[in-house]
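A short write-up of the structure that comes next.
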Ligand code: SF4
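In the UniProt record's numbering, the protein residues as written are 1 to 345.
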């Protein structure tokens, strides 16, 4: 059993997906993120399968996500200079907000803009590519008991019904025995079931193996049930609102990745460490002697203790001290994952 279950498990599932997508089948180019969705529904792990050529074209727009306002401008920016109100679809809200987004897009060099008399004209640098192939939502539940199964069955049924994702999965951890089949039978048949065996150590031992005792590698999960494809046969059947919402999710996944917990946790606390868990790096709190949740690892944590200034100045090998070093390391890993997706020659 994985200690500090939910958060630590979520990170391990993300790393597994990064290493081994698609489960039980040939690899597919994909990026992984976590805690994304809509106002109503937030998925634990999100896998965006991408078209490598188009993904390379998306990368030309930079490493930051495009929010919905920027997408509205960038997706429809024309090839030739045009007044922005002629070029872009009616937003359904005041044009002055679009004008602001045009200026932001210009400031980030996503498009070109110029003023002609009273009018602002825009022109694209390059077309915004159709880079998202499929969106997969994974709900993580390391300890699947009766009440968790009931709640999850409802959530997954909602996902199946809305079909915002192309595929939904439940990931759950085995503890040596099989996961209780009766609980799995409650899940909608359209949802896939992935049972992981990340936990290592002697199951007879009373010693808690700690999260660093787990093994994340491509063989650490088994497909118990394959999911149904929820995508319409003809993608053009999707209504424009759904298409936009999916793209917003994919953009947030692109900008955020799954290692961005360093933005919300406190890697600048002297107790914060990264520990190896098989082929994953997960946070560990030296004071609590376990993986902290991202909620408790904050400035209001009673044991929070800022790293001493001396760590940042006295020959610490990484500029800015350990906290900055951890942030840099996780950002570089996110970058490396994007680099791995290359168009075919
Ligand atoms: S002591 Fe608190 S703030 Fe510091 S690493 Fe641990 S959980 Fe995070």
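Every residue gets a Cβ at the ideal spot worked out from N, C-alpha and C, and that includes glycine.
Taking the alpha-carbon positions, what's the residue i to residue j distance?
| i | j | result |
| --- | --- | --- |
| residue 76 | residue 90 | 11 Å |
| residue 182 | residue 240 | 39 Å |
| residue 22 | residue 81 | 43 Å |
| residue 293 | residue 116 | 53 Å |
| residue 143 | residue 149 | 10 Å |
| residue 191 | residue 16 | 19 Å |
| residue 243 | residue 140 | 25 Å |
| residue 332 | residue 46 | 20 Å |
| residue 234 | residue 168 | 19 Å |
| residue 326 | residue 51 | 31 Å |
| residue 48 | residue 100 | 29 Å |
| residue 307 | residue 323 | 8 Å |
| residue 330 | residue 261 | 9 Å |
| residue 171 | residue 7 | 13 Å |
| residue 34 | residue 10 | 8 Å |
| residue 286 | residue 266 | 13 Å |
| residue 226 | residue 193 | 7 Å |
| residue 290 | residue 297 | 11 Å |
| residue 109 | residue 335 | 20 Å |
| residue 105 | residue 160 | 35 Å |
| residue 162 | residue 189 | 15 Å |
| residue 268 | residue 26 | 40 Å |
| residue 18 | residue 295 | 24 Å |
| residue 102 | residue 113 | 8 Å |
| residue 186 | residue 229 | 19 Å |
| residue 346 | residue 137 | With the chain covering only 1 through 345, there is no way to say anything about residue 346. |
| residue 63 | residue 337 | 12 Å |
| residue 218 | residue 232 | 30 Å |
| residue 222 | residue 300 | 39 Å |
| residue 55 | residue 184 | 36 Å |
| residue 398 | residue 156 | As shown, the chain starts at 1 and ends at 345. That puts residue 398 outside it, with no answer to give. |
| residue 342 | residue 238 | 28 Å |
| residue 302 | residue 85 | 53 Å |
| residue 198 | residue 255 | 27 Å |
| residue 20 | residue 87 | 42 Å |
Find the nearest neighbour of residue i within the set the options, judged by alpha-carbon distance.
| i | options | result |
| --- | --- | --- |
| residue 165 | 115, 250, 108 and 193 | 250 |
| residue 41 | 6, 56 and 158 | 158 |
| residue 38 | 339, 245, 297 and 283 | 245 |
| residue 74 | 86, 63, 92 and 111 | 111 |
| residue 61 | 107, 289 and 282 | 107 |
| residue 12 | 132, 259 and 121 | 259 |
| residue 119 | 289, 14, 83 and 170 | 83 |
| residue 78 | 27, 152, 128 and 124 | 124 |
| residue 288 | 281, 279 and 270 | 270 |
| residue 253 | 113, 135 and 229 | 135 |
| residue 196 | 188, 26, 224 and 186 | 224 |
| residue 340 | 30, 132, 173 and 290 | 30 |
| residue 132 | 104, 162, 187 and 57 | 57 |
| residue 220 | 335, 343, 187 and 280 | 280 |
| residue 127 | 85, 95, 343 and 59 | 59 |
| residue 346 | 102, 198 and 72 | Only positions 1 to 345 of the chain appear in this structure, which leaves residue 346 out of reach. |
| residue 236 | 53, 130 and 343 | 130 |
Quick one: is residue i buried, meaning 16 or more other Cβ sit within 10 Å of its Cβ, or exposed?
| i | result |
| --- | --- |
| residue 32 | buried |
| residue 264 | exposed |
| residue 44 | buried |
| residue 257 | buried |
| residue 283 | buried |
| residue 319 | Since pLDDT at residue 319 reaches only 49, below the 50 mark, its modelled position is unreliable, and the value read off the structure follows with that caveat. Exposed: under 16 other Cβ atoms inside 10 Å. |
| residue 93 | exposed |
| residue 97 | exposed |
| residue 278 | buried |
| residue 151 | exposed |
| residue 121 | buried |
| residue 53 | exposed |
| residue 173 | buried |
Just checking: is the beta-carbon of residue i within a distance shorter than 7 Å of some beta-carbon in chain D?
| i | result |
| --- | --- |
| residue 260 | In the structure shown, chain D does not exist; there is a single protein chain. |
query: Is the region 260 to 274 in contact with the region 62 to 72, if contact means three or more CB pairs nearer than 8 Å?
result: no
- prompt: Listed by chain order, which residues have C-beta atoms less than 6 Å from any heavy atom of the ligand SF4?
  reply: In chain order, the residues with a C-beta atom nearer than 6 Å to some heavy atom of the ligand SF4 are 266, 269, 271, 272, 285, 287, 288, 292, 296, 297, 301, 303 and 304.
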